[in-house]
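Asker: The structure under discussion is supplied below as structure tokens; questions concerning it will follow.
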Amino acid sequence: MGTVVPQVAQSQEVTDGFHLVIDALKLNGIDTIFGLPGIPITDLARKAQAAGMRVISFRHEQNAGNAAAIAGFMTQKPGICLTVSAPGFLNGLTALANATTNCFPMILVSGSSEREIVDLQQGDYEEMDQLAIARPFAKAAFRVLHAEDIGVGVARAIRAAVSGRPGGVYLDLPGRLFPQTIDAAAAAKSLIKVVDPAPRQIPAQDAVQRALGLLRTARRPLIVLGKGAAYAQADAEIRALVERTGIPYLPMSMAKGLLPDTHPQCASAARSFVLPEADVVMLVGARLNWLLSHGKGKTWGGKDPKDWGGQRFVQVDISPQEADSNVRIDAPVVGDIGSCVSALLAGIGSDWAGPPAEWLAAVAERKAKNVAKMAETLAKNPAPMNFHSALNVVRDIVKANPDAYLVNEGANALDFTRSIVDMYQPRKRLDVGTWGVMGVGMGFSVAAAVVSGQPVIAVEGDSAFGFSGMEVETICRYNLPVCVVILNNNGVYRGDERNPTGGRDPAPLVFVKDARYEKVMEAFGGVGAYATTPEELRAAMEEAIRSRRPTLINAVIDEGAGTESGRITSLNPAAKRK
Ligand code: ADP
Ligand code: TPW
Numbered sequence: 142m143g144t145v146v147p148q149v150a151q152s153q154e155v156t157d158g159f160h161l162v163i164d165a166l167k168l169n170g171i172d173t174i175f176g177l178p179g180i181p182i183t184d185l186a187r188k189a190q191a192a193g194m195r196v197i198s199f200r201h202e203q204n205a206g207n208a209a210a211i212a213g214f215m216t217q218k219p220g221i222c223l224t225v226s227a228p229g230f231l232n233g234l235t236a237l238a239n240a241t242t243n244c245f246p247m248i249l250v251s252g253s254s255e256r257e258i259v260d261l262q263q264g265d266y267e268e269m270d271q272l273a274i275a276r277p278f279a280k281a282a283f284r285v286l287h288a289e290d291i292g293v294g295v296a297r298a299i300r301a302a303v304s305g306r307p308g309g310v311y312l313d314l315p316g317r318l319f320p321q322t323i324d325a326a327a328a329a330k331s332l333i334k335v336v337d338p339a340p341r342q343i344p345a346q347d348a349v350q351r352a353l354g355l356l357r358t359a360r361r362p363l364i365v366l367g368k369g370a371a372y373a374q375a376d377a378e379i380r381a382l383v384e385r386t387g388i389p390y391l392p393m394s395m396a397k398g399l400l401p402d403t404h405p406q407c408a409s410a411a412r413s414f415v416l417p418e419a420d421v422v423m424l425v426g427a428r429l430n431w432l433l434s435h436g437k438g439k440t441w442g443g444k445d446p447k448d449w450g451g452q453r454f455v456q457v458d459i460s461p462q463e464a465d466s467n468v469r470i471d472a473p474v475v476g477d478i479g480s481c482v483s484a485l486l487a488g489i490g491s492d493w494a495g496p497p498a499e500w501l502a503a504v505a506e507r508k509a510k511n512v513a514k515m516a517e518t519l520a521k522n523p524a525p526m527n528f529h530s531a532l533n534v535v536r537d538i539v540k541a542n543p544d545a546y547l548v549n550e551g552a553n554a555l556d557f558t559r560s561i562v563d564m565y566q567p568r569k570r571l572d573v574g575t576w577g578v579m580g581v582g583m584g585f586s587v588a589a590a591v592v593s594g595q596p597v598i599a600v601e602g603d604s605a606f607g608f609s610g611m612e613v614e615t616i617c618r619y620n621l622p623v624c625v626v627i628l629n630n631n632g633v634y635r636g637d638e639r640n641p642t643g644g645r646d647p648a649p650l651v652f653v654k655d656a657r658y659e660k661v662m663e664a665f666g667g668v669g670a671y672a673t674t675p676e677e678l679r680a681a682m683e684e685a686i687r688s689r690r691p692t693l694i695n696a697v698i699d700e701g702a703g704t705e706s707g708r709i710t711s712l713n714p715a716a717k718r719k
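According to this note's numbering, the stretch in the sequence shown is residues 142 to 719, in order.
This is the structure we're talking about:
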């Protein structure tokens with residue numbers, strides 16, 4: 142007689158918390174983890190890789206968190222950042238807060254210490270009440286204590302991250318969860334494949350009609366496209382709406398390229414003309430925060446900073462609470478951008494006349510004047526290089542390689558790049574976002590390269606680069622096609638300040654003179670280049686794009702180039718006092 146396999150042996154097949162977390166993520170189409178290993182999540186990283194996920198290990202959790210956040214922006218799937226307890230968790234928290242602020246979907250998954258010991262404050266290894274600390278920085282925060290709840294925990298985290306206004310979510314996984322074993326069949330049943338995680342939200346017809354009615358009355362209409370519009374991946378609909386209405390549009394920084402910056406209706410080059418002159422403004426996935434001067438003041442034609450310029454606003458946004466945050470919104474259209482834009486398009490009707498010709502002519506005239514002025518500046522070739530002569534090269538390289546991602550941070554390095562370098566495709570420009578935060582550079586670059594496989598150009602101020610510079614090792618380790626261009630002016634904003642006392646310490650804003658940043662890349666096997674002329678910069682960038690090798694170009698510019706805080710000098714308390 143053959144051997145009879147006892148029933149009990151089959152039902153004893155077990156799985157554990159490690160595998161359940163991985164299975165839950167994979168079941169939901171999440172194939173990449175950005176993180177940094179250590180107790181208690183080391184084995185989670187190992188097992189995730191063994192299970193076929195991409196596990197990208199960083200040198201600091203903040204960079205892993207920034208990578209996860211921007212992966213979320215690029216893909217509409219929550220980016221996952223995995224950290225150890227207390228200090229690793231805190232290192233990741235800045236990125237979580239930044240993701241929430243920017244409406245990027247990410248999940249910070251942190252291991253944590255033993256609940257009983259943490260709650261009695263008995264001094265556990267890396268003791269910290271992480272869930273409580275994460276809450277104010279996250280859109281939602283959850284903790285899973287039992288292996289059978291992992292499926293629910295991951296599902297809730299995914300839904301919270303991507304539904305409605307996206308944001309950062311915290312998922313607390315205590316160390317004791319991972320080795321818990323449960324019956325494999327029960328475990329499989331406990332997992333949830335999230336159905337329709339970011340459901341469409343159809344706008345009300347009366348809201349759409351109200352918005353169209355207001356636009357019809359406009360003499361000088363303007364559309365402002367924000368990074369919410371870029372995130373929505375409704376590129377064709379947005380383009381159709383812009384072109385069908387004929388209204389000039391302004392892209393916010395990360396909405397550049399949603400339509401090519403060279404589009405005839407793009408009013409970027411006439412920004413300071415169209416904002417105060419417009420009478421009706423339609424915001425599409427853009428908030429009236431500081432980046433738009435809160436919708437009032439001199440930027441908008443008001444007499445003083447609190448003065449309303451008289452514009453009437455349509456605001457298309459998924460968040461019903463966003464309207465009236467700064468000034469009155471006459472026509473809020475609440476829903477997902479794809480649905481809202483489609484509804485607006487459908488409601489336009491054949492009698493739509495388009496904006497008055499005088500308005501279009503005035504915008505075109507101002508644009509032509511400013512473009513000619515900029516062309517003159519870009520044509521200069523000063524020695525040493527300045528921001529313009531260096532960025533003229535970057536502008537050409539991006540034009541020739543529109544698939545490439547452009548990561549950008551710094552003050553002057555940010556503001557000049559934004560206005561000089563045209564973008565041609567949606568979601569290719571990744572930058573400091575709503576907070577103007579330094580330190581996103583290398584995390585964003587790694588994620589952009591890993592997620593897309595496309596080349597990445599990171600234009601970095603020398604100060605900005607320092608916040609995440611150690612990740613050049615990560616870039617080399619994973620052999621990513623990232624070309625870092627440091628616009629090196631020897632300091633924060635510029636490099637020519639002196640200690641007014643004549644004492645031995647350097648001034649607080651200056652760095653080591655003529656630092657050789659390119660050697661950092663060489664240290665890990667990448668390509669370093671030193672460029673003091675536009676020709677050298679061009680040759681090095683072209684080679685980096687051609688070879689796809691990790692490259693860092695130290696582009697030396699005049700240390701006197703740059704203004705304090707770039708274009709936001711006015712936000713400086715000292716400048717306000719003057
Ligand atoms: P920017 O900095 O480019 O002006 P913001 O981050 O201030 O952009 O604004 C983005 C806005 O887009 C947020 O108010 C957010 O609620 C909204 N948003 C994000 N995703 C969507 C979406 N899919 N549909 C509609 N609105 C969205
Ligand atoms: C996390 C304050 C804004 S811009 C900047 C700092 C330190 C660096 C500017 O110098 P850089 O660029 O990068 O050399 P450039 O072209 O002007 O010379 N800490 C954080 N975020 C911010 N925004 C700061 C400090 C800041």
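Each residue gets a CB set at the ideal place from its N, CA and C atoms; glycine is no exception.
Given that a residue counts as buried once 16 or more other Cβ atoms are within 10 Å of its Cβ, and exposed if not, what is Q452?
Answerer: buried
Asker: Between N533 and L678, what straight-line distance do the alpha-carbon atoms span, to the nearest angstrom?
Answerer: Each residue's alpha carbon lies about 10 Å from the other.
Asker: Using a threshold of 8 Å, state whether the C-beta atoms of R187 and V591 are closer than that.
Answerer: no
Asker: Identify whether Q153 lies in helix, strand or coil by the three-state DSSP scheme.
Answerer: coil
Asker: Mapping DSSP to helix, strand and coil, what is G176?
Answerer: The three-state reading of DSSP puts G176 in strand, counting E and B together.
Asker: Using the Cα positions of P344 and S483, report the straight-line distance between them to the nearest angstrom.
Answerer: 10 Å
Asker: Decide if Q271 is buried, meaning its Cβ has at least 16 other Cβ atoms within 10 Å, or exposed.
Answerer: buried
Asker: What number of angstroms, rounded off, separates the C-alpha of V415 from the C-alpha of L363?
Answerer: 7 Å
Asker: Please report how far the alpha carbon of G636 lies from the alpha carbon of W449, in whole angstroms.
Answerer: In this model, G636 and W449 are separated by some 39 Å (Cα to Cα).
Asker: Beta-carbon distances below 5 Å to any heavy atom of ligand 1 define the shell here; list its residues in chain order, please.
Answerer: C244, R306, G367, K368, G369, Y372, A373, M393, G426, A427, R428, D458, I459, S460, E463, D477 and I478
Asker: If we call anything under 8 Å between Cβ atoms a contact, is T673 one with N553?
Answerer: no
Asker: Where does V149 land, buried or exposed, given buried means 16+ other C-beta within 10 angstroms?
Answerer: The predicted model places V149 with a pLDDT of 47, which falls under 50 and marks its position as unreliable, so this point remains unresolved.
Asker: Can you tell which of Y565, D655 and I616 has the C-alpha that lies nearest to the C-alpha of A664?
Answerer: Nearest C-alpha to A664: I616.
Asker: Got a sec: does ligand 4 put a non-hydrogen atom nearer than 7 Å to the Cβ of M579?
Answerer: No copy of ligand 4 occurs in the structure displayed; its ligands are ligand 1 and ligand 2 alone.
Asker: At what residues does the beta strand (DSSP E) containing C222 begin and finish?
Answerer: Unbroken beta strand (DSSP E) run through C222: G220 to T224.
Asker: Give me the residue from K167, G387 and F283 with the minimum Cα distance to A189.
Answerer: When only C-alpha atoms are compared, the closest one is K167.
Asker: With burial defined as no fewer than 16 other Cβ atoms inside 10 Å of the residue's Cβ, what is the status of D445: buried or exposed?
Answerer: exposed
Asker: Do you know offhand how far E517's Cα is from G170's?
Answerer: 50 Å
Asker: Starting from the Cα of G582, find the closest Cα among L693, F652, A505 and P523 and give me that residue.
Answerer: L693
Asker: Look at E612 and R200 and say whether their C-beta atoms are less than 8 Å apart.
Answerer: Taking 8 Å as the Cβ cut-off, E612 and R200 qualify as a contacting pair.
Asker: For A410, which residues in the same chain have their Cβ closer than 6 Å to its Cβ, ignoring the five residues on either side in sequence?
Answerer: K508, N511 and V512
Asker: Determine the direct distance from the alpha carbon of A191 to that of I180, and round the result to whole angstroms.
Answerer: 18 Å
Asker: Do you know offhand how far V336's Cα is from E255's?
Answerer: 33 Å
Asker: Below 7 Å, is the gap between the Cβ of L712 and the nearest heavy atom of ligand 2?
Answerer: In this structure, ligand 2 has no non-hydrogen atom nearer than 7 Å to the beta-carbon of L712.
Asker: Can you check the segment 285–337 for any beta strand (DSSP E) of at least 3 residues that lies completely inside it and give the ranges in chain order?
Answerer: 309–315 and 322–324
Asker: Secondary structure at N522, three-state DSSP: helix, strand or coil?
Answerer: coil
Asker: So, are the CB atoms of Q262 and T235 less than 8 Å apart?
Answerer: no
Asker: Starting from the Cα of T386, find the closest Cα among E506, R412 and A352 and give me that residue.
Answerer: A352
Asker: Is there at least one non-hydrogen atom of ligand 2 closer than 7 Å to the beta-carbon of Y634?
Answerer: Yes, the beta carbon of Y634 sits closer than 7 Å to at least one heavy atom of ligand 2.
Asker: Would you kindly work out how many angstroms separate the C-alpha atoms of I379 and L400, rounded to a whole number?
Answerer: 8 Å
Asker: Within 10 angstroms of the Cβ of T358, are there 16 or more other Cβ atoms? Answer buried if so, exposed if not.
Answerer: By the 10 Å Cβ count, T358 comes out exposed.
Asker: Can you tell me where the alpha helix (DSSP H) holding C624 begins and where it ends?
Answerer: Run containing C624: none in the alpha helix (DSSP H); it sits in the beta strand (DSSP E), V623 to N629.
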